[in-house]
Amino acid sequence: MITRDQTLSLVNKYVQTNNSIKHMLATEAIMRSLAKHFNEDEEVWGLSGLLHDLDMEIVDYHLDPALHGVKTVEILKSEDIPQIVFDAILAHNEATGKSRNELIEKCIYSTDPITGLIVASALIRPERNLASLEVKSILKKFKNKQFAAGANRDIIMSCSEFKMELDDFIALSLKAMQSISDDLGL
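Residues in the sequence shown are numbered from 1 upward in steps of one, following full-length UniProt numbering.
Pasting the structure below:
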């Protein structure tokens, strides 16, 4: 299977925006934590999180949303990557038409937008870091749909599809992101 260093090289080759890379790192961290929580393969789940938006600067999502994820899979077909990762990448974007049947697919779908909500919640605090952020603060911001409007609340709440309560999902996600706060600059 492709190594994490090889994966990071691909990320750096295809994604130039620092905030996009940080989002992919945050998604990887959360997916690894979810894998651990569900006793799944942390490497495979982390790989899906790290690669899920590889095509984000190649595909114009607003012009043709169905290509986002599909192009990533095309790019990665020659790499030693398990099919389950390709399926998760496709499932994180509803526009591809890939249904979310597997646990990893349900988890990455819900994980993708939670990173933005957590980052936005950290950035409005005086400390501007993840260390001082608490789940109750994120939950309060979650209720305000104007705040971090791009973080789709319905998608985040799909954590119920994998039998996780919203506050537990936020807590797991926050802890995962706190564990890589230096990489995220937060």
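Here a beta-carbon is modelled for each residue, glycine too, at the ideal position from N, C-alpha and C.
Item, Value
"CB contact flag (Ser48, Ala95, <7 Å)", "no"
"Bounding residues of the alpha helix (DSSP H) (the contiguous stretch that carries His68)", "It is not in any alpha helix (DSSP H) - His68 carries neither H nor E in the DSSP assignment."
"Proximity below 7 Å, CB of Pro113 to CB of Asn152", "yes"
"Complete beta strand (DSSP E) runs within the region 70 to 139 (minimum length 3 residues, chain order)", "none"
"Pick from Ser20, His92, Trp45, Arg4 that is closest to Ile58, judged by C-alpha positions", "Ser20"
"Three-pair Cβ contact test at 8 Å for the region 173 to 186 versus the region 30 to 40", "yes"
"Spatially closest choice to Gly69 from Gln6, Lys22, Glu79, Asn93, by CA coordinates", "Asn93"
"Span separating the alpha-carbon of Ala148 from that of Leu172", "19 Å"
"Alpha carbon of Asn101 to alpha carbon of Tyr109, nearest angstrom", "11 Å"
"Minimum C-alpha distance to Ser78 - residue among Met1, Gly185, Glu161", "Met1"
"Cβ-Cβ distance between Gly150 and Gly97 below 7 Å", "no"
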